[in-house]
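Engineer:
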Amino acid sequence: MRILATVSGWPAHYFPMVPLGWALRAAGHELRVACAPGQAAAVRTAGLAAVPVLGELDMVYMARFANLWLARAGAWPYPWAPLHPETGEPVDPSTFDLDGYAETAKRHIARQTETSFDAAIGYTRRWRPDLILHDRLSAEGLLAAKVAGIPAVAHLWGPVGTDERAAELYPLPVDYTRAFPRHGAGMLDADAITHVVDPCPSGLTPPVRGIRIDMRYLPYNGPGAAPELPPAGRRPRVCVVWSNSMSRMYGRGAYLVPRIVAALAELDVEVLLPVHPDDRAALGELPPRVRLLDQAPLHLLLPGCAAVVHHGGAGCAMTAVDAGTPQLALPFGPEQRAIGARLAAAGAGLGIAGHEATRAQIRDAVQALLSTPRHSAAAAELAAASRSRPTPADVVRVLATLTTAT
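When we follow the numbering used here, the leftmost residue of the sequence shown carries the number 776, and every step to the right adds one.
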């Protein structure tokens, strides 16, 4: 088979597709990944063939733009101002000309979206793939498949699906250019997606329409060296993982690592803290029993950890699910809040709104994860359910049946 994958402009959206890409190549199939030029290096580093033809849509820019609308509607929950989409400086919503700025922003988004749609359709015509795989926000792959009359399969990156009722979860992108109806491909909605690869175990299953293709989540957290850690001692290990994109999207108040570390210092635990070198200065002096690490793939850190504290991102959450590690999510974005709530509903974690989480609340929540057997039992159950799912190699065979049926 020839498989074309299209991916959106955020590595965490397509990293969960990488093991399936490896499985396709190992089975002898051809795979190319259409991406924006800014994503090509990450795709190539994963060992996949990048085709950097799509438009550049900066996800940080998109998040900041959406936040301005929330602020105007009175739905910005944070005690600090939202950020300007381009400069990243705080903006006073009461004086900022959002309507005027929105005209420029929407034209930019439409141009980049149209570039992506045209490029995906054109490359599909030239290369003639048998099937297109796309992440949830990469609608260009779905459109190109419909125009070419070949199967399209969406690939989820975590427990948020294509048929979410809450609009703030952005289950699908907005077709600003009306490219779908212009190409005779109907509307871009949940009904347009007929097949979905779902890596979430039962207990975290998100809502989708169409045919669900179950797959085990195999963590790919990007490149990195295995950390040299001594054997765990008598103290439980707690890993703290925080994306610097939180500050870039939501403001400096969304950097909670110092507060988390201070909370954990009040417990008899050992803390693993992987940090990007650029973020070390913001930490200040660290308390004892905090082991500062260079950034390393999370799936190499979590074995042996009794809990993990993170921002609610799907990559962190799903990697912890695979490891069977109880989780505390401190989310800021709506998708992260949904993930934290779904982990809590499954019993495998707890969630506190990031901007409301005090040091005492963080300390008590981690203590609850460590001392309450039901959390570790639920996390172990999720891990067992995840590992019992079909492997990426199994899913390759399912994809092959879709191409022979058309």
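Built from N, CA and C at the ideal position, the CB exists for glycine as well. Quantities reported herein were computed from a predicted structural model and do not represent experimental measurements.
1) Just verifying my parser: in three-state terms, what is the DSSP assignment at I968?
2) Taking P1072 as the reference, which of R940, N996 and L1177 has the closest Cα?
3) Can you list, in chain order, the residues of its chain whose CB lies under 6 angstroms from that of L1075, leaving out five sequence neighbours each side?
4) Leaving out the 5 sequence neighbours to the left and right, which residues in its chain are closer than 6 angstroms to F892 when beta-carbon positions are compared?
5) Suppose you measure from the CA of S1146 to the CA of Y836; what does that come to, to the nearest Å?
6) Spatial neighbours of G936 within its chain, please: CB distance less than 6 angstroms, with the 5 preceding and 5 following residues excluded, ordered by chain position.
7) Which residue comes first and which comes last in the alpha helix (DSSP H) that contains A817?
8) Hey, quick one: how far does the beta strand (DSSP E) through E1156 stretch, first residue to last?
9) Measuring alpha carbon to alpha carbon, tell me which residue in A1116, R1027 and I1137 is nearest V1013.
10) Please report the straight-line C-alpha distance between A927 and G985, rounded to a whole angstrom.
11) Between which two residues does the alpha helix (DSSP H) holding R1117 run?
12) In angstroms, rounded to a whole number, what distance separates the CA positions of Y876 and L858?
13) Buried or exposed: G832, going by 16 or more other Cβ atoms within 10 Å of its Cβ?
14) Note the first and the last residue of the continuous beta strand (DSSP E) segment covering L1075.
15) What residue range is occupied by the uninterrupted alpha helix (DSSP H) comprising H883?
16) Alpha carbon to alpha carbon, how far is L1157 from D872?
17) Just to confirm before moving on: does the CB-CB distance between P865 and A846 stay below 7 angstroms?
18) Below 7 angstroms between beta carbons: does that hold for P1005 and V1044?
19) Determine the closest residue to L1061 out of S1020, I1035 and Q1142, with distance taken between C-alpha atoms.
20) Report the rounded CA-to-CA distance for L1174 versus I968, giving the unit in angstroms.
21) To the nearest angstrom, how far is the alpha carbon of E939 from that of R911?
22) Going by DSSP, which residues form a beta bridge with L1105?
23) So the candidates are S913, W902, L1039 and F840; which of them puts its Cα closest to the Cα of T1133?
24) Please classify T888 as buried or exposed, where buried requires at least 16 neighbouring CB atoms within 10 angstroms.
25) Buried or exposed, going by whether 16 or more other CB atoms sit within 10 Å of the CB of S1163?
26) Quick one: residues in its chain with C-beta nearer than 8 angstroms to the C-beta of M990, no 5 flanking neighbours on either side, listed in chain order?
27) Take the Cβ of M1185 as the centre, count every other Cβ of all protein chains shown within 10 Å, and call the residue buried at 16 or more, exposed below.
28) Mapping DSSP to helix, strand and coil, what is P1002?
29) In the DSSP assignment, find the unbroken beta strand (DSSP E) run with A811 in it and report its ends.
30) Please classify D950 as buried or exposed, where buried requires at least 16 neighbouring CB atoms within 10 angstroms.
31) What would DSSP say about A848, mapped onto helix, strand or coil?
32) Could you tell me which residues DSSP pairs with P865 in its beta bridges?
33) Compute the beta-carbon to beta-carbon distance between I988 and L779, rounded to the nearest angstrom, for a pair I have assumed lies under 8 angstroms.
34) Excluding the 5 residues flanking G1099 on each side, which residues of the same chain have their C-beta closer than 6 angstroms to its C-beta?
35) Would you mind stating whether A1113 and G1126 have Cβ atoms separated by less than 7 angstroms?
36) What are the boundary residues of the alpha helix (DSSP H) that H788 is part of?
Structural biologist: Taking the definition as stated:
1) Indexing the sequence shown from 1 puts residue 968 at position 193. Reduced to three states, the DSSP call for I968 is coil.
2) Against the sequence shown, residue 1072 aligns to sequence position 297. Among R940, N996 and L1177, the Cα nearest to that of P1072 belongs to N996.
3) One-based indexing of the sequence shown puts residue 1075 at position 300. Contacts found: A1001.
4) In the sequence shown, counting from the first residue as 1, residue 892 sits at position 117. E915, L918 and A954.
5) Mapped onto the sequence shown, residue 1146 falls at position 371. Mapped onto the sequence shown, residue 836 falls at position 61. So the two alpha carbons sit approximately 41 angstroms from each other.
6) Counting from 1 along the sequence shown, the entry for residue 936 is found at position 161. Cβ neighbours of G936 beyond the five flanking positions: P981, P982 and V983.
7) Position 42 of the sequence shown, counting from 1, holds the residue named residue 817. Unbroken alpha helix (DSSP H) run through A817: A815 to T820.
8) As a working mapping, residue 1156 is identified with position 381 in the sequence shown. It is not in any beta strand (DSSP E) - E1156 instead sits in the alpha helix (DSSP H) that spans P1148 to R1162.
9) Here residue 1013 refers to the residue found at position 238 of the sequence shown. Here the closest residue by C-alpha is I1137.
10) As a working note, residue 927 is residue 152 in the sequence shown. As a working note, residue 985 is residue 210 in the sequence shown. Going from the Cα of A927 to the Cα of G985 covers about 11 angstroms.
11) Within the sequence shown, numbered from 1, the residue matching residue 1117 stands at position 342. Residues P1109 to A1120.
12) Taking the first residue of the sequence shown as 1, we reach residue 876 at position 101. Taking the first residue of the sequence shown as 1, we reach residue 858 at position 83. Y876 and L858: Cα-Cα distance of roughly 13 angstroms.
13) Here residue 832 refers to the residue found at position 57 of the sequence shown. The sequence as given places Leu at residue 832; Gly does not occur at that position. Under this definition L832 is a buried residue.
14) Here the question's residue 1075 lines up with position 300 in the sequence shown. Taken as a continuous stretch (DSSP letters only), L1075 belongs to no beta strand (DSSP E), being part of the alpha helix (DSSP H) at L1073 to L1076.
15) One-based indexing of the sequence shown puts residue 883 at position 108. Run containing H883: L873 to W902, per the alpha helix (DSSP H) assignment.
16) Numbered from 1 along the sequence shown, position 382 holds the residue referred to as residue 1157. Numbered from 1 along the sequence shown, position 97 holds the residue referred to as residue 872. Going from the Cα of L1157 to the Cα of D872 covers about 47 angstroms.
17) Here residue 865 refers to the residue found at position 90 when the sequence shown is read from its first residue. Here residue 846 refers to the residue found at position 71 when the sequence shown is read from its first residue. Cβ atoms of P865 and A846: not closer than 7 angstroms.
18) Position 230 of the sequence shown, counted from the first residue, corresponds to residue 1005. Position 269 of the sequence shown, counted from the first residue, corresponds to residue 1044. Not closer than 7 angstroms, so no.
19) Translated into the one-based positions of the sequence shown, residue 1061 becomes position 286. Considering only alpha carbons, the answer is I1035.
20) Along the sequence shown, one-based indexing puts residue 1174 at 399. Along the sequence shown, one-based indexing puts residue 968 at 193. Their backbone Cα atoms lie some 15 angstroms apart in a straight line.
21) For the purposes of this step, residue 939 is taken as the residue at position 164 of the sequence shown. For the purposes of this step, residue 911 is taken as the residue at position 136 of the sequence shown. Their backbone Cα atoms lie some 12 angstroms apart in a straight line.
22) The sequence position of residue 1105 within the sequence shown is 330, counting from 1. For L1105, which the question treats as bridged, DSSP gives no partner whatsoever.
23) Along the sequence shown, read from residue 1 onward, the residue named residue 1133 stands at position 358. When each option's Cα is compared against that of T1133, the closest is L1039.
24) Position 113 of the sequence shown, counted from the start, is the residue given in the question as residue 888. T888 should be labelled buried.
25) Taking the sequence shown and counting its residues from 1, the one referred to as residue 1163 is at position 388. Its Cβ having fewer than 16 others within 10 Å, S1163 is exposed.
26) The residue labelled residue 990 in the question sits at position 215 within the sequence shown. Same-chain partners within the cutoff: L795, V972, D973, P974, R1164, P1165, T1166, P1167, D1169 and V1170.
27) Any property of residue 1185 remains undetermined from this structure, which presents the chain solely from 776 to 1181.
28) In the sequence shown, counting from the first residue as 1, residue 1002 sits at position 227. Of the three classes helix, strand and coil, the one that applies to P1002 here is coil, per DSSP.
29) By 1-based counting over the sequence shown, the position of residue 811 is 36. Taken as a continuous stretch (DSSP letters only), A811 belongs to no beta strand (DSSP E), as it is neither H nor E.
30) As a working note, residue 950 is residue 175 in the sequence shown. Result: buried.
31) Along the sequence shown, one-based indexing puts residue 848 at 73. Reduced to three states, the DSSP call for A848 is coil.
32) The count along the sequence shown starts at 1 and reaches residue 865 at position 90. Paired residue(s): L858.
33) As a working note, residue 988 is residue 213 in the sequence shown. As a working note, residue 779 is residue 4 in the sequence shown. Actually they do not touch by this definition, with Cβ atoms about 17 angstroms apart.
34) Against the sequence shown, residue 1099 aligns to sequence position 324. Here the set comprises A1154, A1155 and A1158.
35) By one-based count along the sequence shown, residue 1113 stands at place 338. By one-based count along the sequence shown, residue 1126 stands at place 351. Taking 7 angstroms as the Cβ cut-off, A1113 and G1126 do not qualify as a contacting pair.
36) In the sequence shown, the residue the question calls residue 788 occupies position 13. P786 to Y789 is the extent of the alpha helix (DSSP H) around H788.
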